[in-house]
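Notes for the one structure printed next.
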Amino acid sequence: QRQQGGSSPASSDASLSSALGGDAGVDGGGTRPRNESRRSSSASGEAMARRYGKDELRDLVQAFTKDMIKGRPLEVVMPTGSIVTAKCALSQQLDMLRVQVQS
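Position one of the sequence shown corresponds to residue 17 (this note's numbering), numbered consecutively onward.
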């Protein structure tokens, strides 16, 4: 059972990712039919609802969202094959994901 109280964004991300099956319902390169991806995503949501309480789920999503709006470091592979650190952030409206390579 999880402890009550503040949790770090990293632990929130780990909990959220774990609860979502590690891929947050992301379709693996379009290999599955669109409706199958939705079904598995829905099943992930149902599994989360059984594992966590409604308030705890809300807190996990809220912590993740706030962290992503602030921006997080993300390692990306450039066209040359080199790996560089970029900043990944969501817009305040949650409608745009920005990945910016830091110079």
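Positions of the beta carbon are idealized from the N, C-alpha and C atoms, including for glycine. Only a predicted model underlies this, so the values are computations on that prediction, with no experimental measurement involved.
Bridge-paired residues (DSSP) for residue i
i, result
"E91", "T101"
"V115", "C104"
Same chain, Cβ closer than 7 Å to residue i, five either side skipped, listed in chain order
i, result
"S58", "none"
"I85", "A105, L106, Q108"
"V93", "I99"
Exposed unless 16 or more other CB atoms sit within 10 angstroms - verdict on residue i
i, result
"L106", "buried"
"M64", "buried"
"L76", "buried"
Residues near residue i in its chain [Cβ-Cβ closer than 6 Å; skip 5 each side]
i, result
"R88", "C104"
"R114", "A105"
Neighbourhood of residue i by C-beta, 8 Å cutoff - its chain only, sequence neighbours within 5 removed
i, result
"E91", "I99, V100, T101, A102"
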